[in-house]
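First the structure, in the form of structure tokens, and then the observations on it.
2 protein chains.
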Amino acid sequence: MPTLRLALSQVNPSVGDLAGNADLVRSWTRQAADAGAQLVLFPEMMLTGYPVEDLVFRRSFVAASRAALERLAADLAADGLGELPVVVGYLDADGPPQVSGDAEPGRGARNAAALLHRGVVAARYFKHHLPNYGVFDEDRYFISGDALTVVRIGGVDVALTICEDLWQAGGPFAAARRAGVGLVVNINGSPYELNKDDIRLPLVRRRAAEAGAAIAYVNMTGGQDELVFEGDSMIVSADGELLTRAPQFVEHLLVHDIELPAAATPPTTETLADDMRIVHSTLDGIPPTPSGPAVTGGLIEPVADEAEVWQALVLGLRDYVNKNRFPSVVLGLSGGIDSAVVAALAVDALGPDRVVGVSLPSQHSSEHSREDAADLAKRTGLDYRVEPIQPMVDGFLANLSLSGLAVENLQARVRGVILMALSNQEGHLVLTTGNKSELAVGYSTLYGDSVGGFNPVKDVWKTLIWRLAKWRNKDAIRRGETAPIPENSIGKPPSAELSPGQLDSDSLPEYDVLDPILIGYVDGDLGRDGLVESGHDPAVVDKVLRLVDTAEYKRRQSAPGTKISMKAFGRDRRLPITNRWREHG
Amino acid sequence: MPTLRLALSQVNPSVGDLAGNADLVRSWTRQAADAGAQLVLFPEMMLTGYPVEDLVFRRSFVAASRAALERLAADLAADGLGELPVVVGYLDADGPPQVSGDAEPGRGARNAAALLHRGVVAARYFKHHLPNYGVFDEDRYFISGDALTVVRIGGVDVALTICEDLWQAGGPFAAARRAGVGLVVNINGSPYELNKDDIRLPLVRRRAAEAGAAIAYVNMTGGQDELVFEGDSMIVSADGELLTRAPQFVEHLLVHDIELPAAATPPTTETLADDMRIVHSTLDGIPPTPSGPAVTGGLIEPVADEAEVWQALVLGLRDYVNKNRFPSVVLGLSGGIDSAVVAALAVDALGPDRVVGVSLPSQHSSEHSREDAADLAKRTGLDYRVEPIQPMVDGFLANLSLSGLAVENLQARVRGVILMALSNQEGHLVLTTGNKSELAVGYSTLYGDSVGGFNPVKDVWKTLIWRLAKWRNKDAIRRGETAPIPENSIGKPPSAELSPGQLDSDSLPEYDVLDPILIGYVDGDLGRDGLVESGHDPAVVDKVLRLVDTAEYKRRQSAPGTKISMKAFGRDRRLPITNRWREHG
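As given, the protein sequences belong to chains A and B, one line each in that order. Under full-length UniProt numbering, the very last position in the first sequence is 585; numbers go up by exactly one each time. Under full-length UniProt numbering, the very last position in the second sequence is 585; numbers go up by exactly one each time.
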């Protein structure tokens, strides 16, 4: 039986940075070669980053991706790495690239994988199953491939597949069984969700059984806009055994030797399966066994939920700040739990020297709030400032006739103006600190505490905020470090402190009642009847649903305007946040 | 030859308002019956409104749509209208509706049309071609129908189709030819774009030729979020003649008699075409000719571009305000052209009593700006106020060390805080007034002049703003009314007035140079090379592209945060703005 030494390159590309991403491929391929690998795998859309969204519609971008691929193949050969086959994801399109002209949706863009060898593209594969749910819109961008690419490498038939191909039955994995391959490569840009790793392994096992072949699963890591890619790359044998697994949320080169069945029949150029064509080819010069002692990649044990989420939030924040080249961040510190958790995340992501925390007390701010904010600053070492807002609030109150909620919101908006002024003056990105429970029920001020360029906890329910804070403190103590979050901030009843003696519980159910209803309604799309059947109090359900529907409607009020053309800004113009792709000189 | 009197009901449904939309069907069917119609047609997704976006994933919503359809059929019969066949769009799904439980994407929702007759659903059709470009995401929501529904009505075979079925060749229209139908009904939720009416008529003619049958095209009217539906309903004969056409942007009952070929062969229950099944049925009791004198719907001539856009913007604004039940709107009046045009649109949409205009002068505001704002208020009759911002700006400057751009932005943000305070205190919706050119190059302040719930001119290039202003004034004079927009506001050089003597042309190319480049880059997805080939100065192109890419990136900074669940708020949670659908009591 041949043995292949696989190198799964769990790297962190940046959307739009074709040159930087190609450099990543070159340096990691060098490391893989040094480790004696016979086949190197990089993630989905490695060259362009993922997701590129409506950049797909720029022919100049598609042409740049294709040119970067050809250049990369040549550069790898020039680096002396031409004999080592490299699988890399990129953006392709049917037909010749054009210098100018509008790209029509559905004009034939492809989510593609290339096998680079001896300075050229030796084989290509186009993703067959295109996901079109949740964050995915791939039917908008790509057309589906109808051929499975099988390449004989070191005497083993290896099939190439991409991401969603693994998540749906039939198609490439069924075709791989028919082709009798020994290994299926699956390259991914698979975004993190809590506990997705628990779903992923059984799924890879199921597909290994379907294909009757081992699977090498490689995923990218890193943050892009609201998505975090977690890595969790792995190799599973044909009979479903987990052979090796990489850690989550870090770049990692997973090198592992695997015995694979020798390809039996001589390959024909093309075979027909029921639903997919099979296209065979052979790479010359790949030895059927690696040299030197055997190498194993090892197994990483899964971590606790809180540790996993904390790492995801830190990575998402760090990459948003660094990939977009912000020097630093600024946030308001109220003394409460949300801003304390965001500050601790920011310090973990960027270090204390790149985090500015501003206490913005009003006449309603309690003494303990000011003390807890100062305590947090001391514990984390961030750059701490105090800017009392009352003089500015009074300036508005003296000139306008305001009362009630308008006065409450005014205070939050004055804080927003101050944070944005510091951002403009000193270059910090403003961090928002509203948790998902607050967002869901609209317990925040539009253009006030909702101001900011990035919110690390926008998808974290309030009860999970508390769990994260406790876990982070305990983990610090376990490591003999200072717990970053003041116990006071964790223990005290939540308050917006916008009017005298105000508490969240004046307006909302307790969070341990609220969150389970919100999770059912927002995450689970349960209706009222379903929630009541799950055992929730009907009166509380009605109250919460009313809050969510009203908030949904308020939140969306900062979006629209009338559209009269093909491409208004907003809903029908979807671009990734990147400053790495530039048409201009 | 039989003659059918068709009634095309070009109505304005509201998303989520199942009861209200059903009432619309009943009252318009009554009018159609009074006019002697033999067949009444309502738009796509009439019962639910369109688009319903992620509401599709709530089983309770799908179940409510199906129940509303059955109730509507019964109510029409109870109204004495049961003998009159009515085609109505609604949301359906495969399988029985469930009381609770999560709806999975792709679980079988259908964009459906029902033919109601004698108190029941006599036939159904499921949309075949699902659009998935621009504002459309229908592959996310629906599965494609594979059967053409043909119903014999008054001796004529009538095929049912929905919207996109008309925009793609093959499928239902090819099947309609094979079935030998006399009429194809096409019901629509087709959003307005400038000059789309010029594309639509030739398209309907092409499909009439493809089907070898007349086409009755009915479209909804009204605004929903950023979309405006324009109506433009029409009937085209089998040989491509435009027989009758409804006006744009208003509700209209288009009643027209059309001679149609008698169905020749007795229908079988089911025929097979190449790609679509054909399902036949027959309605009893429909006379082959209408009673009384012949009726024609007449022909509406297309209007000038400026008139068309103005009507679209007025309708989009009016429906956003009224459907969401805002009592009134408020906007800042700078004396410049953008706020003047938005104020004139608002007064046209809502009347002067529901529009509050606030002059917010600073120390940099010129005398002519204050006078032009006051002149606009006098001409339009809106509720006019003056709130000088300098005292509040000085409050911030006294407490923070700010300079340059931070001071400019501060002034815009103080204005935003004042408008939002008035909104909170008095209940107005804040209107934003930034035009598309400004938005594209980022010539605005985040949380400053970008504050607001709705921007009527977000998709209007600056040069079109001027054209609209001139057209509106001229049209007023033609009608013997006061021109609403001060000539000064139209004629003077644009300025943000945030620093002494500031002009837009200090930072940007002149708008007649800027706009054509923006149109190519943003609307046309042209790359740098394509723009230079089109004859633009390469240095100006580079400057403009740099501005757009930077602005794109800045604008998107108010959006993201890290996602850790199936449904974070934002990108993967798409809901229409509606307060008409409520789960709770």
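Positions of the beta carbon are idealized from the N, C-alpha and C atoms, including for glycine.
Check: Contacts that A/V417 makes with chain B (C-beta to C-beta distance below 8 Å); Outcome: F396, L410, R413, V414, V417, Y447
Check: Chain-ordered chain A contacts of B/V451 [CB-CB under 7 Å]; Outcome: Y447
Check: 7 Å CB neighbourhood of B/A174 in its chain, flanking five on each side removed; Outcome: E210
Check: is_contact[B/L405, chain A] using C-beta, thresh 7 Å; Outcome: yes
Check: Segment limits, alpha helix (DSSP H) that includes residue 619 of chain B; Outcome: Beyond the ends of chain B as shown, which are 1 and 585, falls residue 619 of chain B; an answer cannot be given.
Check: A/D475 to A/A483 span [Cα, whole Å]; Outcome: 8 Å
Check: Distance between A/Y141 and A/E53 (C-alpha atoms, nearest Å); Outcome: 7 Å
Check: Range of the contiguous beta strand (DSSP E) that encloses A/Y217; Outcome: 214–219
Check: Own chain partners of B/D102 with C-beta closer than 7 Å, once the 5 adjacent residues on each side are dropped; Outcome: Residue confidence is low: B/D102 scores 34 on pLDDT, short of 50, so the model does not pin down where it sits. No coordinate-derived value is stated.
Check: B/R140 at chain A interface by Cβ criterion, 7 Å; Outcome: yes
Check: Contact under 7 Å by Cβ, residue 588 of chain A with A/K378; Outcome: No statement about residue 588 of chain A is possible, as the shown extent of chain A runs from 1 to 585 and does not include it.
Check: Short CB-CB distance (under 7 Å) between A/F454 and chain B; Outcome: yes
Check: Length of the line joining the Cα atoms of A/E104 and B/Y521; Outcome: A caution first: A/E104 carries a pLDDT of 44, below 50, which makes its placement in the model unreliable, though a value can still be read off. Taking the straight line joining both Cα atoms gives about 14 Å.
Check: Local conformation of B/Y125 per DSSP, three classes; Outcome: strand
Check: Rounded separation between A/L130 and A/E138 - CA only; Outcome: 5 Å
Check: Straight-line gap, A/L429 to A/I477 (C-alpha atoms, nearest Å); Outcome: 30 Å
Check: Residue burial classification, B/P327 (beta-carbon count within 10 angstroms, cutoff 16); Outcome: exposed
Check: Residue from B/L410, B/L194, B/L253, B/R206 whose Cα sits closest to the Cα of B/D305; Outcome: B/L194
Check: Outcome for B/D275 when other beta-carbon atoms lying within 10 angstroms are tallied against a minimum of 16; Outcome: exposed
Check: CB contact below 7 Å: B/Q425 versus chain A; Outcome: yes
Check: Below-7 Å beta-carbon distance, A/L575 vs any chain B residue; Outcome: yes
Check: Within-7 Å CB hit, A/A340 to chain B; Outcome: no
Check: Beta-carbon proximity of A/V184 to A/A147, cut-off 7 Å; Outcome: no
Check: Any chain A beta carbon closer than 7 Å to B/M220; Outcome: no
Check: First through last residue of the alpha helix (DSSP H) which encompasses A/H368; Outcome: 367–380
Check: Per-residue burial, A/R71 [other beta carbons within 10 Å of its own, 16 or more giving buried]; Outcome: exposed
Check: Which listed residue (B/R546, B/A33, B/E371) has its alpha carbon closest to that of B/Y384; Outcome: B/E371
Check: CA-to-CA distance, A/A440 to B/V355, given in whole angstroms; Outcome: 31 Å
Check: CB of B/V342 within 7 Å of CB of B/L431, strictly; Outcome: yes
Check: Minimum C-alpha distance to B/T289 - residue among B/L313, B/G501, B/G155, B/V279; Outcome: B/G155
Check: Residue from B/L464, B/G491, B/G524 with nearest C-alpha to B/D512; Outcome: B/L464
Check: Through-space distance from B/D523 to B/E438, alpha-carbon basis; Outcome: 15 Å
Check: Alpha helix (DSSP H) runs wholly inside the stretch 155–223 of chain A, at least 4 long, in chain order; Outcome: 172–179, 196–211
Check: Cβ neighbours of A/G292 in the same chain (closer than 7 Å, five flanking residues each side left out); Outcome: G36
Check: Beta carbon proximity, B/S60 to chain A, threshold 7 Å; Outcome: yes
Check: Option in A/E533, A/V347, A/N219 with minimal Cα separation from A/I187; Outcome: A/N219
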